[in-house]
Each structure stands twice: as C-alpha cells, then as structure tokens.
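To keep things clear, I will list the structure first and then write my remarks on it.
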Amino acid sequence: MLAYLIRRLFAAAVMLVVIIMVVFGIFFLVPKWAGVDIALSFVGKQADPAAIEGVRQKLGLGDPIYAQVWEFFKGIFAGRTYTGGGDTIHCSAPCFGYSFRSEQAVWPVLTDRFPVTLGLALGAAVLWLVLGVAAGVLSALKRGSLWDRGAMVVALAGVSLPIYFTGMLSLAIFAYGLNWIDAQYVPLEDSFGGWFGGMILPWITLAFLYAAMYARITRATMMEILGEDYIRTARAKGLKEQTVIGKHAMRSTMTPILTMLGMDLGALIGGAILTESTFNLPGLGRAVLDAIRNQDLPIIVGVTLITSLAVLFANLVVDILYAVIDPRVRLS
Amino acid sequence: MTELSKTGAAVGEPTGASPAPTSFLEVRDLKVHFPTDDGLVKSVDGLSFQLEKGKTLGIVGESGSGKSVTSLGIMGLHTAGQYGKRKAQISGEIWLDGTELLSADPDHVRKLRGREMAMIFQDPLSALHPYYTIGQQIVEAYRIHHDVDKKTARRRAVEMLDRVGIPQPDKRVDNYPHEFSGGMRQRAMIAMSLVNNPELLIADEPTTALDVTVQAQILDLIRDLQKEFGSAVIVITHDLGVVAELADDILVMYGGRCVERGPAEKVFYEPRHPYTWGLLGSMPRLDREQQERLIPVKGSPPSLINVPSGCAFNPRCPYADLPKDDVTRTVRPELAEVGSRHWAACHLSKEQRERIWTEEIAPKL
Amino acid sequence: MSDEKAVTIPAQSEGEDRTGGEVLLKVTGLQKHFPIKKGLLQRQVGAVHAVDGLDFEVRSGETLGVVGESGCGKSTMGRLITRLLEPTGGKVEFQGKDITHLGVAGMRPLRRDVQMIFQDPYSSLNPRHTIGTIIGAPFKLQGVEPEGGIKKEVQRLLSVVGLNPEHYNRYPHEFSGGQRQRIGIARALALNPKLVVADEPVSALDVSIQAQVVNLLDDLQEELGLTYVIIAHDLSVVRHVSDRIAVMYLGKIVELADRDLLYKSPMHPYTKALMSAVPIPDPRRKNAKSERILLKGDVPSPISPPSGCRFHTRCWKATEICKTTEPKLIELRPGQQVACHHPENFADQAPQDTVLLTAAKEAAELVADEVLAESAETSAAVAAEVEAAAEAAEEVEAAAETEAAKGTKAPKETQVTKEADEK
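Chains as they are written, first to last, in full-length UniProt numbering: chain A, 1 to 332; chain B, 1 to 365; chain C, 1 to 423.
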C-alpha cells in the first residue's frame with residue numbers, strides 16, 4: 001500500500017514537471033517561433049524601444065531557452081526577481097509573473113478567484129452525485145419501466161443541452177421571471193445566505209449536466225454488477241435485497257463513478273468557464289476568459305497551471321480512494 | 001405454453017392436488033420459463049424428482065439443458081437480478097422438508113436460503129465478492145441467520161475454514177479472494193455455504209473451473225462433509241466422472257426435461273435412453289481400453305425457444321425412425337418405469353432399447 | 001480388466017510407428033520468462049518462469065499431446081512454437097530451420113506451414129466478418145490464389161470440416177459452439193499446413209460436441225497427413241488423440257512417453273497422481289477410492305519455483321536429492337523419458353537417498369498404503385530386472401533393442417508384477 005502511494009505521488013510529481021514544461025513551451029516558445037514578440041504585447045505597440053528592451057531584459061526573453069525554463073520553474077517554486085530596464089521587482093513564490101494588463105501579480109489574482117470556483121465545483125458535485133447516482137440506481141432496478149425511460153430521456157437532455165442554454169433558462173425563470181432568487185454573487189465571508197442564494201442556480205445548472213452523465217454511467221454499471229456471480233452468491237446467502245444492492249452491488253458500482261468524479265472535479269476546479277460567465281461569477285473561468293480576450297498571457301498561464309494541478313491532485317485522491325475500495329489495486 | 005402444461009403435467013409421479021411430501025426434497029412438475037425478445041425460453045419444462053437426506057442426486061446435462069436453472073429455481077433465485085418487466089415464470093411445486101416453496105412467502109424463502117439450503121457455484125473467483133475478505137463474507141453469511149456478535153461469527157468462520165482444510169485459517173480468514181488459489185477459493189466457498197449447517201446443499205459445477213488434482217481434493221471434501229453433516233446434496237455437472245464419484249441417483253436432462261432418472265449404477269450400466277448412450281459414447285475414458293473412435297451425438301443441442309416437437313432429442317437420435325407412425329416427432333414421450341426406481345422417456349419399446357444397448361452400444365464403449 | 005491390458009500392450013505398440021516420420025519440429029532448451037515489475041521505478045524484481053527449458057521433437061504425421069494443470073506453461077509453449085511469442089531462451093527448429101528469433105516478415109512463409117486452433121470458439125472469430133471472409137483471410141494475407149478462386153476453396157474447406165458450403169455468407173453468431181470450432185479448424189487448414197497446434201480445442205464444448213470435433217481432428221489427420229500438437233488439460237481427451245504425450249509441471253516436461261506406456265505404467269509420480277485424480281465415470285468404483293493419490297495443496301507459484309525437482313514440495317517420494325538436484329529428462333525405457341530421481345514402475349535412480357523429506361511424509365499420508373506398497377514392489381522388481389539385464393551379455397541388449405522396436409520388455413514385466421499385486 002505504501003509503495004503504491006509513493007509510486008503514485010512520484011508519478012504525480014513527474015507529471016507536474018512535464019506539465020509545467022509543456023505550458024511554458026506553448027505560451028513562450030510557440031509565439032516566439034511564430035514571430036510574435038512577447039515583450040511587445042506586454043508594453044503595447046506604441047512603446048519606445050528602450051521600454052521594450054527593458055521588458056525583454058526583465059522577462060529574460062533574450063536568454064537561452066534553458067535559462068528561461070529554469071527561471072520559470074524557480075519562479076513557481078522559489079520566487080524570482082525581475083531585473084532590467086532600470087528597476088528590480090521581486091516576485092515571491094509561487095510566482096506566475098505579472099498581468100500584462102493590470103500589472104498585478106498573477107498569484108493573488110488566482111487566489112482571489114479560486115474560492116469561488118471551488119465552491120461552485122464542490123457544491124455542484126455533491127448535488128450531481130446524489131441525484132445522478134440515485135437516479136441511475138433506480139433506473140437500473142426498474143429497467144424498462146416508465147421511470148427508467150423518463151429518467152433516461154431527461155438524462156439525454158441534460159447531456160446534450162449546453163450550459164448557457166439551461167443556465168439562461170433557469171435565470172430567466174427563477175431569477176427574473178419568478179423573482180425567487182437574487183442571482184448576484186456574494187462572497188461567503190460577507191453572508192452565507194447571500195452566497196448560497198447566488199450559487200444555487202449555478203449549482204443546479206452545472207449539476208444537471210453532470211448528474212445526467214452520472215445517472216447513465218451508474219445505470220449501466222449497476223446493471224452489469226447485478227449480473228455478477230458474487231451478487232448471486234450474496235442472494236444465495238439469504239441477504240435481503242436492500243443489503244444485496246446497498247452493500248454488495250453499490251461498492252462495486254462506485255469504482256468507475258469515483259474515477260469520473262476525480263477527473264470532472266479536477267477539470268471544474270480549473271474553471272467552469274461557461275457556468276461562471278453565464279452567471280457572472282468571479283471565478284477562475286471568468287478570469288481566464290477575460291485574460292484571453294485581453295491577450296493577458298501570464299494570467300492564462302497561471303490558470304492553466306492551476307487547472308493541471310487540480311486535475312493531478314484529484315487523480316491522486318481518486319487513486320488512493322481506489323486502493324481503499326478495491327483491495328486488488330493495493331497489490332499490483 | 002398451455003398445451004405444454006397439459007402434456008407436462010404427468011411427468012413421473014402424479015402431481016397436482018396431492019400435497020403429501022414423503023421425501024425431504026420433492027420437486028413436482030417444475031417449469032421455469034424466461035420471456036425474451038426472441039420468444040419464451042423454456043429452460044425447465046416439467047421436471048420432477050425426490051431426494052432424501054444423506055443422499056446425493058447428480059443432475060447431468062449439456063449447456064442449456066436446464067440443469068442450472070433448476071437449481072436456481074429451487075433456491076428461489078430464478079428471478080434474481082431480473083429487474084424490469086420480464087420476469088421468469090415458474091410453476092410446479094417444490095417441497096423442502098414439508099414446506100412448499102413456490103407458494104410460500106418470499107421473505108420466508110429468503111430466510112431458508114443460506115440456512116436450510118445453500119449453494120456452491122462453479123467459479124469461486126467470480127462468486128466471491130472481490131472487495132471483502134473471505135472472513136467478512138463468511139461472517140456475513142453466518143450473522144444473517146444467527147444473532148451473534150462479530151467475534152463469535154469470526155470464530156465460527158475460522159472453524160469452518162479449518163474444517164474445509166485451509167491451512168492457518170486464523171490468518172487466511174483476513175485474506176481477500178484474490179489472495180487465495182483456485183482450490184482454496186472453492187474450499188472457502190464451501191466453508192461459507194456450510195457455515196449454517198444447511199440440510200440441502202446444491203453444488204453447481206463445483207469443480208469445473210478447477211484443475212484435475214484440485215478437483216480430486218474438492219470431490220473428496222464434498223463427500224466427507226456430506227457424511228459428516230448428513231445433508232442432501234444435488235450435484236449439477238456435465239462431467240459423468242464427477243457424478244459417478246458423488247451421486248447415488250442420476251437425473252439426465254435434455255432440452256429442459258428429464259430423459260432418464262435412476263440409481264447411478266443403473267444409469268451407467270443399463271441406460272435406457274439414446275441420449276444417455278450418446279453421452280457415454282462421446283466420452284473418452286481413462287478406465288477402459290483405448291476406443292478406436294468416439295461415438296458422438298450428431299447435431300447440436302436444441303434451442304429452448306423452439307424445442308423440437310415430439311421427443312426433443314428426435315433430430316439427433318439415430319433410432320428416431322424405429323417407432324411406428326412417426327410418434328417420435330409428434331408425441332412427447334413421458335417418463336416410464338424401465339426398472340426398479342429407474343425411469344426413461346423414450347418411444348422405443350423396452351425390448352428394443354434392451355437389445356440396442358446390449359448389442360450395439362455397450363460393446364463399443 | 002488387467003488381463004486385457006496385458007494382452008493389448010504388444011498389439012497396440014505394434015500399430016504405432018514411433019520412428020515413422022522425419023522430425024518436423026525440434027525444440028531445445030526452450031524458455032519463456034515473463035518479467036514482473038515492482039516498486040517505485042518498476043524495476044524487474046522477478047519473472048514468471050512460464051516455460052523453463054523444454055526439449056522435445058515432433059515427428060511428421062504424429063500427434064503430440066501436452067497435458068498439465070493451469071500454470072504449467074503448456075499454452076505458453078504452444079504460443080512459443082507457433083512463434084506468437086518470442087522465446088526468452090532456447091531454440092525452435094521447424095524442418096531443420098531455426099525459427100527462434102525470426103521477425104514478422106521472416107515468419108510469414110512459415111505461417112502457411114504452422115497453424116493454430118484456439119480454445120474459445122466464441123472469441124477467436126471476428127463477429128463482423130462472414131465465415132467466408134474469415135476462412136478466406138489466410139489466402140489474402142499470404143497472397144495465395146487457390147485453384148478455382150478463394151470462394152470455391154473456402155466452400156470446399158467448409159465441406160471438409162462438415163459444414164454446409166452454402167453457409168459461406170453467414171456470420172459467426174449464427175453458428176453453435178461446435179460449428180464455430182469447425183470454422184476455426186477450416187481457417188487453420190486453409191493453407192494446407194504441415195503442423196497444427198491446437199490449444200484446448202474441445203474444452204469449451206459440450207461432451208457430445210467434443211466427440212464430434214475430436215473425431216474430425218482424427219479424420220483430417222488421416223486424410224491430410226497433418227501433424228498435431230494438442231494441448232489440453234483433460235487427460236482422457238489427450239489419451240484419445242495422441243501418439244505421444246508430454247506431461248508438464250511448472251514449466252518443465254516431467255515425463256514424455258508413448259501414449260500406452262504413459263497410461264499403463266507412468267513413471268513420474270506427478271503423472272501417476274494426475275491420472276489417478278481423473279474422476280472415473282463408473283459408479284462401481286465409487287467406493288474403491290484407494291488407488292487415488294490426493295496431492296497436497298496447490299501448484300506452487302511459477303514466480304519462484306521450488307528448487308531441484310519442482311514437484312518435490314508435493315511428492316510423497318521426495319528425498320534430499322529431489323530438493324537439491326534437478327532430475328534430467330532421460331529415457332529410462334525406450335519411448336519413455338522421465339525426469340525423476342525416484343520413478344514409479346522403474347528402478348530407483350537415486351537408491352542411496354532414502355530419507356523422506358518432511359513434506360513427503362505429510363504427502364504420503366494422503367496416499368493409501370496399498371498404493372505405496374504396490375509402487376515399492378514394482379520398483380523393486382524392476383530394479384532386480386535391470387540388474388539382471390546389466391549382468392547379461394551384450395547380445396541380450398541387442399535383443400532388447402529389437403524388442404523395443406515393437407513392444408519394449410520392461411512395461412510387460414511391470415504389468416505382470418502389477419497384476420500379481422492386484423490379485
């Protein structure tokens with residue numbers, strides 16, 4: 001078990017390094033090869049050559065690539081110092097650079113926005129897990145019934161309808177039409193009620209999409225598991241049907257669902273762009289959308305790295321949970 | 001279906017309104033049908049037999065002959081896992097120790113499962129839950145039927161593991177199924193099924209997934225345990241060697257029905273059904289001189305949706321044309337007594353069958 | 001019964017032409033180890049010794065049966081000699097040509113001569129192809145244009161294996177298990193192979209269908225002069241189809257002998273136990289279980305096979321030498337090679353070593369006294385005989401050799417002593 005854990009951790013660390021290199025490559029090398037001057041996009045087109053040269057020095061754009069990669073890494077893990085153009089700025093770890101537009105450090109921007117996204121993702125995950133798994137299990141048990149068919153049609157709708165459609169629709173009905181909710185984001189620190197009220201529609205909208213997927217997977221897995229020999233054995237022991245399903249079948253059904261959950265949560269923490277922009281939530285997704293619009297490279301790089309990190313972390317957690325659930329994993 | 005229930009009603013013993021169970025287990029005119037998209041699958045179509053405590057019945061047949069479904073029917077598991085509309089249909093009577101199971105309260109039958117009647121399955125790896133330890137699974141089986149704490153149940157589990165010959169049972173009890181070898185797993189499965197001292201044990205192909213030398217160990221174990229516990233045992237298998245080792249009585253199934261039933265010795269030495277002859281002739285035997293050629297049964301097993309009319313075996317039977325008026329293709333033969341406690345369902349006359357067996361079949365085996 | 005046995009030994013041996021064909025396949029020191037990786041860096045920490053040094057020959061026109069329990073390496077062996085797997089060590093020669101490390105291109109011409117039949121007739125046929133396409137595929141792969149076209153040839157093959165040629169356009173799911181196995185056989189036969197390796201060809205089939213396929217394999221061998229290597233776990237099937245039989249245990253051949261020698265007087269204790277374990281379809285023998293040798297426990301792991309003789313952990317005859325020295329596979333009697341220090345039905349190869357291992361004592365408890373006594377007497381009788389033979393002049397040896405050609409002397413003698421015991 002310990003070796004398994006260490007191996008997973010080690011693999012995650014290696015993966016992290018690879019991701020950072022790839023991100024660096026995509027954002028700093030590809031533009032260079034394409035002939036785009038990053039320093040230019042920092043200072044603006046009308047800037048004087050001295051300023052451009054200063055920025056170039058600061059960012060180390062003239063240095064050899066290995067030195068640039070090293071500085072980039074160093075910035076993330078230990079902080080770095082930008083020198084050039086007559087002044088020196090220290091950027092403490094984790095340093096993702098400075099926004100081209102607001103000239104703010106990227107990291108605080110990310111940490112400001114992160115709780116919003118995390119709240120959105122976790123809240124929605126709880127919702128969709130409960131709804132999706134329950135609907136899936138019921139469907140599997142009442143195969144071919146009206147409930148099953150109905151649930152699967154709704155699930156199909158959930159999977160195929162885009163977030164901005166369901167989001168807008170829910171806003172139109174519940175916030176503007178019925179006026180039940182005030183669809184404004186309020187930070188959690190300010191007021192729990194306000195935060196909850198502002199989050200409830202995004203949660204439902206996001207959960208609807210994912211619950212649909214989870215219901216389908218749960219149904220399929222549950223049906224397969226119910227055909228397993230060990231389920232028959234459980235029944236042959238004289239167990240009640242509730243125990244057979246709730247204990248023996250559920251534990252096996254959770255394995256693939258957990259895998260999905262890890263991936264989905266990881267991806268969502270990196271920013272639910274559509275949901276956040278539909279509901280105007282100041283999360284990471286919004287941040288990256290704005291950054292793309294403004295060609296604000298450091299912010300994009302920062303969010304990309306945070307997303308990768310989140311996926312990596314979520315996968316690590318899933319791997320560990322996996323080993324807890326399935327004893328066979330511990331050995332191999 | 002209606003037509004069949006008419007003809008199927010008179011298999012072997014008289015059935016219907018005579019609830020007089022004289023045997024420990026008595027199955028009367030059991031039918032298990034599964035509705036599917038392609039039609040009604042008549043897996044078991046009118047099966048009757050009795051079994052006493054301390055005795056072993058061997059049910060022999062090929063895949064799709066209905067032998068496994070019979071065992072599930074007795075256990076009340078024929079509908080298990082069938083959620084939705086198309087449930088298996090079951091009819092007939094199953095008397096276990098004076099209780100008729102098909103008309104009994106399902107929850108009562110559930111309480112009998114695992115306690116009065118238990119089952120061993122073919123593949124112990126897939127029949128044990130991969131996420132729970134062997135101990136947890138045996139403890140669970142014991143505590144459903146006994147109101148004891150976990151410690152007591154665990155002691156019982158260790159004791160059972162020891163009884164079925166698992167070394168270091170107090171350590172192995174905490175192992176997961178995948179940490180056991182195939183033979184050990186089947187031993188654990190047997191320990192689990194016997195933990196409540198059931199009076200009826202159904203073993204469905206208990207050794208098919210095992211190696212020969214392990215099979216010998218398990219057969220030995222089943223025999224010993226039966227002597228010790230005195231339970232009634234049903235062994236379901238396709239292997240005539242296994243039934244010969246274990247069974248007192250043999251029931252040969254074909255196309256969902258019994259074609260021959262009798263004491264093991266009779267079925268092996270004086271078989272009275274062409275299908276039984278076919279099984280004996282198809283099988284290379286280590287205990288005999290090398291046969292020049294095997295005598296296979298031509299064709300394939302019947303579809304259970306469109307069972308051939310008349311005798312289900314008629315398309316494969318080399319003697320189908322012997323009886324007059326094409327009866328083999330039109331009339332379904334009923335089980336008829338051919339010797340003491342020995343029945344066969346065949347249109348050939350007793351004399352014809354005796355002659356064919358002694359002159360044509362037996363010398364070639 | 002025993003009378004019959006004694007009478008038929010010479011008769012059957014006569015019928016067999018052991019030395020008949022040329023050597024088609026020669027295997028020397030064949031090994032296959034599958035690496036096991038573990039730990040942080042997934043370093044190789046060991047290997048599954050699936051096949052660990054095999055030597056045998058397959059002569060043209062014969063059937064070599066290979067039996068053993070799961071994990072003995074018999075299937076790996078099949079995949080090695082058909083070169084579906086790359087051997088770790090040793091040599092495979094086909095018709096005198098070394099094919100051990102031939103690449104895909106190098107093997108292509110050989111694929112015509114060596115074909116394989118698989119166990120599972122359900123998964124070995126592509127469900128999306130018609131059987132015409134499946135059976136015709138080898139022609140296309142090899143770029144062979146049979147006389148009269150592929151379709152005609154495929155239809156001919158279908159009728160050869162007993163299927164209706166009109167079913168050319170049907171899909172595998174429309175056929176029963178037995179018929180699918182026939183399709184598999186037709187595909188294997190398409191290019192007129194010399195050697196057919198069949199891995200458990202009948203074990204997925206029902207008893208009545210098994211016999212059909214076994215007979216078909218028999219007929220095809222006779223008609224087409226095929227050479228078979230048939231791998232199976234079912235000893236009765238193997239006895240029925242084979243001329244010679246190799247018994248494998250944990251990656252090694254423990255005994256390789258002519259069929260009748262092996263079944264009438266097995267020399268390796270494992271062979272003996274294996275055969276006695278087969279349930280006999282005869283209820284009258286139900287209570288006469290004393291001949292059965294129950295082995296203790298399970299087959300050890302092929303990851304760290306036992307030292308010396310790999311069977312020593314479960315053998316009731318094992319002594320110190322079995323633990324330390326690996327017995328060589330040697331021909332103790334014409335037509336019967338055995339790897340054992342203390343063979344059954346033959347003179348002890350290490351008579352000085354008499355102290356049983358503790359494990360052996362435990363194992364012996366599972367073996368009935370009669371069996372032990374009988375085996376001891378037989379061995380003593382053979383030992384005396386071997387001694388006598390050694391003392392005799394060379395002419396006797398020459399005579400023995402001529403005897404060997406038709407029947408061999410030793411088994412007959414053994415048989416006689418055995419009968420005496422039984423009576």
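Ideal Cβ positions, reconstructed from N, Cα and C, are used throughout, including at glycine.
When burial is assigned at 16 or more other CB atoms within 10 Å of the CB, is residue i buried or exposed?
{"i": "B:P35", "result": "exposed"}
{"i": "C:T271", "result": "buried"}
{"i": "B:D107", "result": "exposed"}
{"i": "C:V7", "result": "Model confidence at C:V7 stands at a pLDDT of 38, short of 50, so the residue's coordinates are unreliable and nothing is read from them."}
{"i": "C:Q415", "result": "Because the pLDDT at C:Q415 is just 42, under 50, the model does not fix this residue reliably, and the value given afterwards should be weighed accordingly. Buried, by the Cβ-count rule."}
{"i": "A:M21", "result": "exposed"}
{"i": "B:M1", "result": "Legend: pLDDT at B:M1 = 38, less than 50; position of this residue unreliable, value from coordinates given subsequently. When all chains shown are included, B:M1 counts as exposed."}
{"i": "A:Y164", "result": "exposed"}
{"i": "C:G73", "result": "buried"}
{"i": "B:D325", "result": "exposed"}
{"i": "A:I299", "result": "buried"}
Where does the unbroken alpha helix (DSSP H) through residue i begin, and where does it stop?
{"i": "A:W70", "result": "I65 to F77"}
{"i": "B:I183", "result": "In the sequence as displayed, the identity of residue 183 of chain B is Gly instead of Ile. Residues G182 to L194."}
{"i": "C:I134", "result": "I131 to Q142"}
{"i": "A:R235", "result": "D229 to A236"}
{"i": "A:I320", "result": "L297 to I325"}
Between which two residues does the beta strand (DSSP E) harbouring residue i extend?
{"i": "C:G46", "result": "R43 to R59"}
{"i": "C:Y249", "result": "R244 to Y249"}
{"i": "C:V114", "result": "V114 to I117"}
{"i": "B:V243", "result": "No beta strand (DSSP E) contains B:V243, which is instead part of the alpha helix (DSSP H) from L240 to L246."}
{"i": "B:R28", "result": "L25 to T36"}
{"i": "C:K252", "result": "K252 to D258"}
For chain C, check one thing: does any of its Cβ atoms lie closer than 7 Å to the Cβ of residue i?
{"i": "B:V233", "result": "no"}
{"i": "B:Q168", "result": "no"}
Can a CB atom of chain A be found closer than 7 Å to the CB of residue i?
{"i": "B:S23", "result": "no"}
{"i": "B:H129", "result": "yes"}
{"i": "B:A141", "result": "yes"}
{"i": "B:G66", "result": "no"}
{"i": "B:L77", "result": "yes"}
{"i": "B:E13", "result": "Since pLDDT at B:E13 reaches only 42, below the 50 mark, its modelled position is unreliable, and no value is offered."}
Quick one: is residue i near chain B, going by C-beta distance under 7 Å?
{"i": "C:A277", "result": "yes"}
{"i": "A:P327", "result": "yes"}
{"i": "C:P283", "result": "yes"}
{"i": "C:E413", "result": "Its pLDDT being 41, under 50, C:E413 is placed unreliably in this model, and the value from its coordinates should be taken loosely. Chain B contact via Cβ: absent."}
{"i": "A:D319", "result": "no"}
Bridge partners of residue i, per DSSP?
{"i": "B:Y254", "result": "B:R257"}
{"i": "A:A267", "result": "Paired residues: none, contrary to the question."}
{"i": "C:T319", "result": "C:L356"}
{"i": "C:D98", "result": "C:E93"}
{"i": "A:H248", "result": "According to DSSP, which records beta bridges pairwise, A:H248 is partnered with nothing at all."}
{"i": "C:Y228", "result": "C:T63 and C:V196"}
{"i": "C:H33", "result": "C:H49"}
{"i": "C:E331", "result": "C:Q337"}
{"i": "B:W277", "result": "Note: B:W277 sits in no beta bridge, so no partner."}
Answer yes or no: the CB of residue i versus the heavy atoms of the ligand ZN, is any distance below 6 Å?
{"i": "B:G299", "result": "Inclusion of the ligand ZN in the displayed structure is not the case, the ligand content being empty and no account of it being possible."}
What residues in the region 285-297 of chain B bring their beta carbon closer than 9 Å to a beta carbon of chain C?
Of all residues in the region 285-297 of chain B, only R285, L286, D287, R288, E289, Q290, Q291, R293, L294, I295, P296 and V297 place a beta-carbon less than 9 Å from a beta-carbon of chain C.
Quick one, which residues of the region 47-71 of chain C are near chain B if we go by CB-CB under 8 Å, in chain order?
Correct list: E69 and S70.
Which residues of the region 197-210 of chain C have a Cβ closer than 8 Å to any Cβ of chain B? Give them in chain order.
Under the 8 Å Cβ criterion, the region 197-210 of chain C contributes D206, V207, S208, I209 and Q210.
Against chain C: residues of the region 260-277 of chain B by CB proximity under 7 Å:
Per Cβ criterion, the list reads A264, E265 and F268.
Just by C-beta distance, which residues in the region 178-189 of chain B are closer than 7 Å to chain A?
Within the region 178-189 of chain B, the qualifying residues are H178.
Residues of the region 345-362 of chain C in Cβ contact with chain B at a cutoff of 8 Å, in chain order, please.
Cβ contacts with chain B: none found.
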